[in-house]
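J.: Okay, so the sequence shown: first residue is 5 according to our numbering, each after it adds one.
We put the beta carbon where it would ideally sit given N, CA and C, even for glycine.
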Amino acid sequence: MRENVVMKVVNLTKDFPGVRALDNINFDLLKGEIHGLVGENGAGKSTLIKILSGVYQPSSGEMFINEQKVEHLTPLKSKEFGIYVVHQELSLINTQSVVESFYYPRIASTNSFINWNKMREEVSDFLKSLKIDIDIEEKVGILPIGKRQLLEIARAFFYNSKIILLDEPTSSLSENEIWKLFEIISNLKQKGASIVYISHKIDEVMEIADRITVLKDGKITNQFNKLEASVDKIVNSMVGKSLSFKYSSQDDLKKLKNSRQRNEKKLALLKVNNLNNGKELKNISFEVEKGEIHGFFGVIGSGRTESIKSIIGANILKSGKISFQNNEVKFKSPYSALKHGIAYVTENRREEGLIFTLDLKNNISLVRFNKENKQFIDFYLERKIALDAIKMFKIKARSISTGVRELSGGNQQKVVIAKYFFANPKLLILDEPTRGIDVGAKEEIYRLIFDLANSGITILLISSELPEIMMLCDRVTVFKNGKTITTLDLDKVSEEEILKAATA
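Now the structure itself:
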């Protein structure tokens with residue numbers, strides 16, 4: 005073993021019932037190295053991270069940390085080795101303050117005096133040193149998901165961890181926050197920390213990583229150092245196809261968009277005037293036309309999601325007028341909005357979109373049955389809905405009884421969208437529907453959005469990815485600092501003009 009290897013696995017295999025998730029993996033991490041790990045959803049990236057952090061036990065193979073052979077690693081033991089992992093499923097406790105989140109479980113395990121002033125000062129100074137603007141007294145659950153993800157990552161650095169495993173660390177971050185994260189990671193590398201960086205965003209991995217390992221179907225297909233890596237080589241190793249496949253897919257999507265028949269009468273389905281919540285939202289106004297795919301664009305924290313949550317009754321609304329289907333409405337809850345035909349697919353599918361203790365068929369039928377106030381479960385209808393969803397949404401699962409926890413990120417997202425589709429909405433709101441999923445799964449979601457729009461459903465798409473907005477939407481409303489800046493027809497505007505409106 006090389007002297008500077010801090011972590012290594014040899015011939016590692018992980019089996020689940022009927023599935024081999026990892027097959028004969030040989031992987032190492034060097035001291036002071038940023039090691040990128042890429043692959044499509046379901047390739048085995050997250051499974052490997054969970055083994056390296058002690059969440060899963062391998063079926064076979066060996067693991068070494070600092071040249072010491074390790075057996076039966078647990079999450080607690082991994083922390084003793086200086087390993088800190090930031091999973092896609094954030095581990096923050098929503099009811100804690102930001103300060104408490106940094107010192108838990110130290111607070112819970114001590115009987116001695118707690119110096120809150122000192123802790124507040126330490127956390128405040130630490131976040132300022134990272135140029136992270138978060139109110140340390142705020143409850144974690146109130147923070148936007150992007151802020152929560154940045155907070156989770158910051159904790160890894162606060163604990164001075166030696167081995168840091170980052171699973172899709174930028175999936176909820178704005179472009180400025182991503183560069184801030186890169187700066188922090190580079191500083192940690194200089195201090196000798198070793199980082200495994202998982203992402204489906206190939207350009208990010210090429211920017212930050214010293215080495216890149218590619219996984220496909222649970223196997224390592226290739227490994228590149230920074231100088232020899234290229235997007236084409238990595239994509240080919242991930243999917244067995246070159247970039248020409250990627251570009252031809254984009255051309256197909258453009259044809260799908262151009263072939264859509266929009267409503268010439270331009271009837272307003274949802275109309276919002278001067279929406280205010282007394283906090284971050286100030287005079288939000290926009291219209292969503294019947295039959296269109298309408299985009300919401302802006303940096304994280306600009307007010308896009310907050311506006312929707314206020315409209316559907318999830319958050320408190322101070323003033324403003326909302327009209328839906330020419331009727332003035334004021335929804336008391338998301339359930340009330342759903343009864344009227346507005347379905348909201350959350351940006352946080354893991355905490356709010358799925359029930360991980362239930363299987364695929366239960367998750368998909370849940371919203372439909374709740375909307376119809378069914379007292380008893382219609383098992384025949386439940387089965388039919390699930391089978392129709394698997395076929396229509398191309399969900400990859402062993403059966404309708406498969407636990408949603410076992411599905412890849414892309415298939416989990418399809419389940420969330422499917423369960424609201426089968427509730428028969430007139431307006432389907434998709435909040436960051438492709439966050440945390442790979443290129444191939446994104447394309448499937450894009451095609452699905454076009455199919456839903458062509459079936460007569462009006463789509464409101466919230467996205468932080470401007471190319472996604474340009475690819476899918478007919479019009480876009482731009483948000484900045486809790487305000488709506490403008491609504492633009494995407495046939496008549498460039499990416500640069502939209503970006504300028506959102507940031508200038």
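Skipping 5 residues on each side, what residues in its chain have a beta carbon closer than 8 Å to that of residue 178?
T.: In the sequence shown, the residue the question calls residue 178 occupies position 174. Counting only Cβ-Cβ distances below 8 Å, and skipping sequence neighbours, we find 150, 303, 304, 305, 468.
J.: With a 10 Å radius around its C-beta and 16 neighbouring C-beta atoms as the bar for buried, classify residue 251 as buried or exposed.
T.: In the sequence shown, the residue the question calls residue 251 occupies position 247. Note that residue 251 has pLDDT 42, beneath the 50 cutoff, so the model's placement of it is unreliable and the number below is only indicative. Flag for residue 251 reads exposed.
J.: Taking the alpha-carbon positions, what's the residue 512 to residue 82 distance?
T.: The shown model of the chain, from 5 to 508, leaves out residue 512, and the question about it has no answer.
J.: For residue 77 and residue 108, I'd like the C-alpha separation in whole angstroms.
T.: The count along the sequence shown starts at 1 and reaches residue 77 at position 73. The count along the sequence shown starts at 1 and reaches residue 108 at position 104. If I take the Cα positions, the gap works out to 22 Å.
J.: For residue 281, which residues of its own chain have a beta-carbon under 8 Å away from its beta-carbon, when the five flanking residues on both sides are left out?
T.: Stepping through the sequence shown from its first residue, residue 281 is reached at position 277. Only 310, 314, 319, 320, 321, 322 meet the Cβ criterion.
J.: Hey, how far is the Cα of residue 324 from the Cα of residue 104?
T.: Residue numbering aside, residue 324 sits at position 320 when the sequence shown is read from its first letter. Residue numbering aside, residue 104 sits at position 100 when the sequence shown is read from its first letter. Cα-Cα distance, rounded: 36 Å.
J.: Report, in whole angstroms, the separation of the C-beta atoms of residue 241 and residue 209, which I expect to be a contact under 8 Å.
T.: Taking the first residue of the sequence shown as 1, we reach residue 241 at position 237. Taking the first residue of the sequence shown as 1, we reach residue 209 at position 205. Actually they are not in contact, since the Cβ atoms of residue 241 and residue 209 sit about 12 Å apart, beyond 8 Å.
J.: Can you tell me the Cβ-Cβ gap for residue 397 and residue 427, rounded? I've got them flagged as a contact below 8 Å.
T.: Stepping through the sequence shown from its first residue, residue 397 is reached at position 393. Stepping through the sequence shown from its first residue, residue 427 is reached at position 423. At roughly 14 Å, the Cβ-Cβ gap does not stay under 8 Å, so residue 397 and residue 427 are not in contact.
J.: Classify residue 270: buried if its beta carbon has 16 or more other beta carbons within 10 angstroms, exposed otherwise.
T.: As a working note, residue 270 is residue 266 in the sequence shown. Exposed: under 16 other Cβ atoms inside 10 Å.
J.: Take residue 296 as the anchor and find which of 284, 94, 459, 340 has the nearest alpha-carbon.
T.: The residue given as residue 296 occupies position 292 in the sequence shown. Among 284, 94, 459, 340, the Cα nearest to that of residue 296 is on 459.
J.: Spell out a yes or no on whether the stretch 194 to 212 and the stretch 12 to 21 are touching, meaning 3 or more CB-CB pairs, one atom from each, closer than 8 Å.
T.: Not touching, per the Cβ criterion.
J.: Rounded to the nearest angstrom, what separates residue 287 and residue 385 at their Cα positions?
T.: As a position in the sequence shown, residue 287 is number 283, starting the count at 1. As a position in the sequence shown, residue 385 is number 381, starting the count at 1. Between residue 287 and residue 385, the C-alpha separation is close to 44 Å.
J.: Within 10 angstroms of its Cβ, does residue 424 collect 16 or more other Cβ (buried), or is it exposed?
T.: To locate residue 424, count along the sequence shown from 1; it is residue 420. Classification of residue 424: buried, given that the 10 Å Cβ count is 16 or more.
J.: Would you mind listing the beta strand (DSSP E) stretches within the stretch 401 to 442 that are 3+ residues and don't spill past its ends, in chain order?
T.: The qualifying runs are 431 to 435.
J.: What are the complete beta strand (DSSP E) segments, minimum 3 residues, inside the stretch 80 to 159?
T.: Qualifying beta strand (DSSP E) stretches, in chain order: 87 to 90.
J.: Using the DSSP secondary-structure output, state which residues sit across from residue 386 in a beta bridge.
T.: If you number the sequence shown from 1, residue 386 lands on position 382. DSSP, once it has assigned bridges, lists no residue as partnering residue 386.
J.: What span of residues does the beta strand (DSSP E) with residue 332 cover, start to end?
T.: If you number the sequence shown from 1, residue 332 lands on position 328. 331 to 333 is the span of the beta strand (DSSP E), which, as asked, contains residue 332.
J.: Taking all protein chains shown into account, do 16 or more other C-beta atoms lie within 10 angstroms of the C-beta of residue 10, making it buried, or fewer, making it exposed?
T.: The residue you call residue 10 lines up with position 6 of the sequence shown. Buried, because 16 or more other Cβ atoms sit within 10 Å of the Cβ of residue 10.
J.: Secondary structure at residue 513, three-state DSSP: helix, strand or coil?
T.: The structure shown has nothing for residue 513, since the chain only spans 5 to 508.
J.: Using 8 Å as the threshold, is the stretch 153 to 171 in touch with the stretch 87 to 96, meaning 3 or more CB pairs across them?
T.: Yes: at least three Cβ pairs fall under 8 Å.
J.: Using 10 angstroms around the beta-carbon of residue 493, count the other beta-carbons present and answer buried if the total reaches 16, otherwise exposed.
T.: Mapped onto the sequence shown, residue 493 falls at position 489. So residue 493 counts as exposed.
J.: For residue 16, which residues in the same chain have their Cβ closer than 8 Å to its Cβ, ignoring the five residues on either side in sequence?
T.: Here residue 16 corresponds to residue number 12 of the sequence shown, with the count starting at 1. Correct list, in chain order: 26, 28, 29, 30, 31, 52, 55, 62, 64, 65, 66, 67.
J.: Classify residue 139 as buried or exposed, calling it buried when 16 or more other Cβ atoms lie within 10 Å of its own Cβ.
T.: Start at 1 with the first residue of the sequence shown, and residue 139 comes out as number 135. That one is exposed.
J.: From which residue to which residue does the beta strand (DSSP E) around residue 373 run?
T.: For the purposes of this step, residue 373 is taken as residue 369 along the sequence shown, with counting starting at 1. Unbroken run through residue 373 is the alpha helix (DSSP H), 364 to 375; no beta strand (DSSP E).
J.: Quick check on the DSSP output: the alpha helix (DSSP H) that includes residue 497 runs from which residue to which?
T.: Residue 497 sits at position 493 when you count from the first residue of the sequence shown. Segment: none, residue 497 is in no alpha helix (DSSP H) and carries neither H nor E.
J.: Would you mind reading off the limits of the alpha helix (DSSP H) that contains residue 207?
T.: To locate residue 207, count along the sequence shown from 1; it is residue 203. Taken as a continuous stretch (DSSP letters only), the alpha helix (DSSP H) holding residue 207 covers 206 to 212.
J.: Identify which residue in 70, 349, 157 has its Cα closest to the Cα of residue 316.
T.: For this step, residue 316 is matched to residue 312 along the sequence shown. Ranking the options by Cα distance to residue 316, first place goes to 349.
J.: At what residues does the beta strand (DSSP E) containing residue 215 begin and finish?
T.: In the sequence shown, the residue the question calls residue 215 occupies position 211. Run containing residue 215: 215 to 220, per the beta strand (DSSP E) assignment.
J.: Would residue 328 pass as a contact of residue 273 if the rule is Cβ separation under 8 Å?
T.: What you label residue 328 is simply residue 324 of the sequence shown in a count that begins at 1. What you label residue 273 is simply residue 269 of the sequence shown in a count that begins at 1. Yes, the pair counts as a contact, with Cβ atoms nearer than the cut-off.
J.: According to the neighbour-count rule (16 or more other Cβ atoms, all chains shown, within 10 Å of its Cβ), is residue 248 buried or exposed?
T.: The residue labelled residue 248 in the question sits at position 244 within the sequence shown. Confidence at residue 248 is low in this model, with a pLDDT of 44, below 50, so the placement of that residue should be treated as unreliable; the coordinate-derived value is given next. Counting Cβ neighbours within 10 Å, residue 248 comes out exposed, since fewer than 16 surround it.
J.: Check residue 449 in the structure and name its three-state DSSP category.
T.: Locating residue 449 in the sequence shown gives position 445, where the first residue counts as 1. Helix.
J.: At what residues does the alpha helix (DSSP H) containing residue 314 begin and finish?
T.: Here residue 314 is taken as the residue at index 310 of the sequence shown, counted from 1. Where residue 314 is concerned, the enclosing alpha helix (DSSP H) stretches over 308 to 315.
J.: What's the call for residue 246, buried or exposed, on a 16-neighbour Cβ count within 10 Å?
T.: Taking the first residue of the sequence shown as position 1, residue 246 is located at position 242. Because the pLDDT at residue 246 is just 46, under 50, the model does not fix this residue reliably, and the value given afterwards should be weighed accordingly. Counting Cβ neighbours within 10 Å, residue 246 comes out exposed, since fewer than 16 surround it.
J.: Once the 5 residues before and after residue 402 are set aside, which same chain residues still bring their CB inside 7 Å of it?
T.: In the sequence shown, the residue the question calls residue 402 occupies position 398. Counting only Cβ-Cβ distances below 7 Å, and skipping sequence neighbours, we find 22.
J.: If we count the other Cβ atoms within 10 Å of its Cβ and call it buried at 16 or more, is residue 173 buried or exposed?
T.: If you number the sequence shown from 1, residue 173 lands on position 169. Classification for residue 173: buried.
J.: Is the beta carbon of residue 238 sitting closer than 8 Å to the one on residue 206?
T.: Position 234 of the sequence shown, counting from 1, holds the residue named residue 238. Position 202 of the sequence shown, counting from 1, holds the residue named residue 206. Yes, the pair counts as a contact, with Cβ atoms nearer than the cut-off.
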